[in-house]
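Novice: Take 5 as the starting number for the sequence shown in UniProt numbering and just add one per residue.
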Amino acid sequence: EPVIGVLALQGDVREHLRALAEAGAQAVPVRRPAELDEIDALVIPGGESTTISKLAETFELLDPIRKRLADGMPAYGSCAGMIMLADRVLDGRPDQQSFAGIDMTVRRNAFGRQVDSFEVPVLIDGMPGPEFAAVFIRAPWVEDLAEGVQVLGRVTEGPAAGRVVAVRQGNLMATSFHPELTGDHRVHAYFVELVRKALVESADRP
Ligand code: GLN
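1. Along the chain, which unbroken stretches of the alpha helix (DSSP H) at least 4 residues long are found entirely within the stretch 36-124?
2. Starting from Leu156, trace the beta strand (DSSP E) in both directions and tell me its first and last residue.
3. How about Leu89 and Ile69: are their beta carbons less than 7 Å apart?
4. Given 6 Å as the limit, tell me if Ala60 has its C-beta closer than that to any heavy atom belonging to ligand 1.
5. Helix, strand or coil for Pro163, going by three-state DSSP, please let me know.
6. Output needed for Glu184: all residues of its chain with C-beta closer than 8 Å, excluding positions within five of it in sequence on either side, in chain order.
7. Can you find the residues in the same chain that come closer than 6 Å, C-beta to C-beta, to Gln100, ignoring five residues on each side of it along the sequence?
8. Report buried or exposed for Gly166, applying the criterion of at least 16 other Cβ atoms within 10 angstroms of its Cβ.
9. Just curious, the beta strand (DSSP E) that Asp148 is in, first and last residue?
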């Protein structure tokens, strides 16, 4: 089974570890650069992207993670993790850094302060079963994306209907919402499957 790291600087690390284990991966927390050598893929949890950014610099993880992503390591980010995987961030702190990788612009806290957290159905492309009961907490949305970025999901109802909240570009994926906080692990299962395929493909390469 693939070994998937969860970036354990801040945020809902434990929930991702559990969801990944239930989706059939070996899940390990990652805090030090050397631990990156032991993982096949990385999950960046929800939390606070400004804090994750700062701690990633302090722990000297920013460049090593950028390098692994550039080398094709699969990664999945939820909420703050989505922000960390975005090439461009709106309404971020001026000194906020991202790992980047997905050619999109995200807007932090996009749904507005009045609606700090809410649950809304999201339809996810390529995911069997009913709509996802997606939990949003001071979430970003995808404001703009390049041609190579695949839309996996949009909000289906309410004032934000139509907003892009799940994307994939190659081996990288991101959601505005937190599937790790619900019992529905279809997003994690989708990612574990993506990682399995990426491992087979890289083993096939001469
Ligand atoms: N608003 C947070 C940020 O900008 C994200 C919130 C979350 O991950 N639930 O990083």
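Yeah, the Cβ is synthetic: ideal placement off N, Cα and C, and Gly gets one too. Here the structure is a predicted model, which is why all the values come from computation and not from measurement.
Specialist: Well, looking at it:
1. Counting whole runs of 4 or more residues, the stretch 36-124 contains the alpha helix (DSSP H) stretches 53-62, 66-74 and 84-89.
2. Position 152 of the sequence shown, counted from the start, is the residue given in the question as residue 156. Gln154 to Val159 is the span of the beta strand (DSSP E), which, as asked, contains Leu156.
3. The count along the sequence shown starts at 1 and reaches residue 89 at position 85. The count along the sequence shown starts at 1 and reaches residue 69 at position 65. A distance of 7 Å or more separates the beta carbons of Leu89 and Ile69.
4. The count along the sequence shown starts at 1 and reaches residue 60 at position 56. In this structure, Ala60 has its CB at a distance of at least 6 Å from all heavy atoms of ligand 1.
5. Here the question's residue 163 lines up with position 159 in the sequence shown. In the structure shown, Pro163 adopts coil according to DSSP, grouped into three states.
6. What you label residue 184 is simply residue 180 of the sequence shown in a count that begins at 1. Here Glu184 has Asp16, Glu19, His20, Arg22, Ala23, Pro49, Gly50, Ser82 and His192 as same chain residues with Cβ atoms under 8 Å from its own Cβ, once five neighbours each way along the sequence are excluded.
7. Numbered from its first residue, the sequence shown carries residue 100 at position 96. Within the same chain, Thr54 and Ser57 come within 6 Å of Gln100 by CB-CB distance, once the 5 residues on both sides are set aside.
8. Position 162 of the sequence shown, counting from 1, holds the residue named residue 166. With fewer than 16 other Cβ atoms from the protein chains shown falling within 10 Å of its own Cβ, Gly166 counts as exposed.
9. Within the sequence shown, numbered from 1, the residue matching residue 148 stands at position 144. Counting along the chain, the beta strand (DSSP E) containing Asp148 begins and ends at Trp145 to Leu149.
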